[in-house]
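Worksheet for the structure shown next.
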Amino acid sequence: MSAQNKKFRALSLVRPSTATLQTWSDRLGLCYHEMFHEILLGILPLLAVLAFIPGYRQHRKLAVFYWALPGIIALALGVLLTHETPVFATAVTVLGSVLLVRAHLLNRKECACCATGHDHQRATRLAKVTPQPLKPTMRLKEVTAPNASLDPKITTSPITTASSLSEGHN
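Residue numbers (my numbering): 1074 to 1243.
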């Protein structure tokens, strides 16, 4: 079974269970309980790690964590500020959710890029090790000093050698 099929099988199990959990939490009044959001905040970082680490192992891009970490921090702030400033807490929670969604989308994009078969690590190693050949149009140009006619000590040669220095062109 391919990795793509495994992801879709996992998603097909998560979506109905999420809807079922939401329905039952509404019926039982769990989402209105004071500890409900704190419990979710305790579970959320674990779920984020379970979602992002396998993708990171595949694509090695830290950009996913640059979006996910502020998202988790914003969600934590939203939970902590709920009692003092509910409107601000809601805005921060929505912002954190958007950041986490962006991290998940970026993670999926990078995993899909790696699923095409090319090797990012090999390409990076080759780019660092392989010297770039000089282009034939790249030649040394003779440098002329702006005041060369006024000062006889200024040379127009691009390279000053030790012998030219010993001849009195100090």
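Beta carbons are placed, not taken as given, at the ideal position from N, Cα and C, and that holds for glycine.
If you reduce the DSSP assignment to three classes, tell me which class M1168 lands in.
As written in the sequence, residue 1168 is Leu, which differs from the Met given in the question. L1168 falls in the helix class under three-state DSSP.
### Query
Can you list, in chain order, the residues of its chain whose CB lies under 6 Å from that of T1155, leaving out five sequence neighbours each side?
A1162
field: Nearest-angstrom Cα separation, counted from F1138 out to R1181
entry: 13 Å
Local conformation of K1182 per DSSP, three classes:
helix
Distance check for A1141 and L1084, CA to CA, integer angstroms please. Low local confidence applies: a pLDDT of 49 at L1084 is under 50, so the model's placement there is unreliable, and no value is given.
With a CB to CB cut of under 7 Å and the five nearest residues on each side skipped, what residues in its chain are close to C1184? G1128, Q1131 and H1132
*Assign V1171 to one of two classes, buried (16 or more other C-beta atoms within 10 Å of its C-beta) or exposed (fewer than that).*
exposed
Are the CB atoms of G1151 and A1176 within a distance shorter than 9 Å?
no
Secondary structure at E1157, three-state DSSP: helix, strand or coil? coil
Would you say V1245 and L1148 are within 9 Å of each other, going by their C-beta atoms? Only positions 1074 to 1243 of the chain appear in this structure, which leaves residue 1245 out of reach.
Helix, strand or coil for L1123? Go by DSSP, reduced to three states.
helix
In three-state DSSP terms, what is R1130?
helix
(message) With distance defined between alpha-carbon atoms, name the residue in I1146, C1186 and T1158 nearest to G1169.
(response) I1146
Problem set entry | Through-space distance from C1186 to K1134, alpha-carbon basis | 12 Å
Residues near E1111 in its chain [Cβ-Cβ closer than 7 Å; skip 5 each side]: V1152
Using the Cβ count rule (16 or more neighbours within 10 Å means buried), how would you classify L1173? buried
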